[in-house]
Amino acid sequence: MYEPRTLSDKFFLVIKGLFMGAANKVPGVSGGIVAFVGGFYEEFIYSLQKVNGKAFRLLLNGRLRSFYRYINGQFLTLLIFGMLVSYFSISKLLDYFLEQKELFVWAAFFGMILGSIYYISKDFEHWNKKTIPAGVIGLIVGISISFLNPAKENDNLLFIFLCGIISVSGMTLPGLSGSFILILLGNYVLLLVDSVNALYDTFAEVFSGDFSFINNDERLDTLTILAVFTAGSATGLVTLSHILSYVLKHFKHISTAVIVGFITGSLGVVWPWKKTIYKTNSSGEIFLDSNGKEIIMNYERYLPDFGKMETWWAFFFIGIGILILLGLDWYGKRRKQKG
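Going by numbering that gives the first Met the number 0, the sequence shown opens with residue 0, and the numbers climb by one from there.
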């Protein structure tokens, strides 16, 4: 059982959820890294593991309080609340800055991932003949994923459910970006832009007393896709959490080595100096989504031009990203000393 949380603990847990939700939406960034660096990764995995047969029996028997305690409900509720708020606030802000100052945003994330590699590996003193190969395998897989070519968009509901299961890996596996996986599967725009915006528009209309979406077949289809994707994500979260809790319990050092290697390999995904490749037709015209935004296919990486001032600004933001992670490290140590 976990100790009772103070008001400040609850507040910071919502903040962590905000960051985790924002990270999950940005291609190349993993919400799992936020959980790992934020010091709540294991509690997150073990809490999800509690969503099992016993939990459902408690729920079906009407023992709501026991169910809530059993699944560490306060922790999951606050964290998921932060994620949901993020999807309709911080993630919108990130979309704006990715359009206006893309290089600097990627630079900050690159710095944060560099900092997270240091954060995770600095106290890891278990490199041996088992963990070193595990780290190398994680590195190779991370690099390989960053250079895969994306598939075409597919709105088949069974495939959408599968996308939910696969994409949620970014929340449970540090270094694996669920949103980047969706780009590779061809459904990033459909599931994390169009569907989320459709839900946002629907809520806005309902709160204003407008229920016209009921007669909008396109809107209903998009909301159905979002519902199936959400169901797949929930299934993936619970399933992966059971697998990961077993792995963390029995192969903790090897798992950490794989995570360090994987995060290092994922640096290629968030390399700041890259050109966005958009979906085009045979005439070279860029396809737009339902909101008039260009559809991203992949990224073409290049080396920084040190003759440009923006390159040095990018290095500045890399430093900012590293400092954010060092600040989290300092904050964590201070909390432990006070405790």
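By construction, the Cβ of each residue, glycine as well, lies at the ideal position given by its N, Cα and C atoms.
Beta-carbon separation (whole angstroms), residue i vs residue j, contact threshold 8 Å
i, j, result
"residue 102", "residue 309", "6 Å"
"residue 81", "residue 13", "4 Å"
"residue 153", "residue 185", "6 Å"
"residue 112", "residue 32", "7 Å"
"residue 323", "residue 114", "7 Å"
"residue 138", "residue 260", "4 Å"
"residue 286", "residue 274", "Between residue 274 and residue 286 the Cβ distance is about 17 Å, and since that is not below 8 Å, they are no contact."
"residue 44", "residue 247", "7 Å"
"residue 66", "residue 77", "Residue 66 to residue 77, Cβ: 17 Å. No contact."
"residue 180", "residue 165", "6 Å"
Which residues DSSP lists as bridging residue i, in chain order
i, result
"residue 262", "Residue 262 pairs with nothing; no bridge assigned."
"residue 273", "300"
"residue 279", "285"
Helix, strand or coil at residue i according to DSSP, with G and I counted as helix
i, result
"residue 285", "strand"
"residue 76", "helix"
"residue 100", "coil"
"residue 135", "helix"
"residue 124", "coil"
"residue 140", "helix"
"residue 53", "helix"
"residue 309", "helix"
"residue 250", "coil"
"residue 244", "helix"
"residue 88", "coil"
"residue 316", "helix"
"residue 147", "coil"
"residue 59", "helix"
"residue 268", "coil"
"residue 172", "coil"
Neighbour flag for residue i against chain D, beta carbons, 8 Å
i, result
"residue 249", "Annotation note: the requested chain D is absent from the structure, which comprises a single protein chain."
N-terminal and C-terminal residue of the alpha helix (DSSP H) that residue i is part of
i, result
"residue 8", "6-24"
"residue 65", "63-69"
"residue 46", "40-48"
"residue 214", "Element bounds for residue 214: n/a, residue is neither H nor E."
"residue 200", "194-206"
"residue 35", "30-36"
"residue 419", "Nothing can be reported for residue 419, as the shown portion of the chain is limited to 0 through 338."
"residue 166", "156-166"
*Can we say the segment 45-52 touches the segment 233-250, given the rule of at least three CB pairs closer than 8 Å?*
The segment 45-52 vs the segment 233-250: in contact.
*Do the segment 267-277 and the segment 108-117 touch if we need at least three Cβ pairs shorter than 8 Å?*
yes
*Please determine if the segment 9-19 and the segment 34-43 are in contact, where contact requires at least 3 C-beta pairs separated by less than 8 Å.*
These segments touch.
*Between the segment 245-260 and the segment 113-131, are three or more C-beta pairs nearer than 8 Å?*
yes
*Below 8 Å, can you find three or more Cβ-Cβ pairs linking the segment 205-225 to the segment 160-170?*
Here the segment 205-225 does not lie against the segment 160-170, with fewer than 3 beta-carbon pairs under 8 Å apart.
*At a cut of 8 Å, does the segment 214-232 reach the segment 153-167 through at least three beta carbon pairs?*
Output reads yes: the segment 153-167 touches the segment 214-232.
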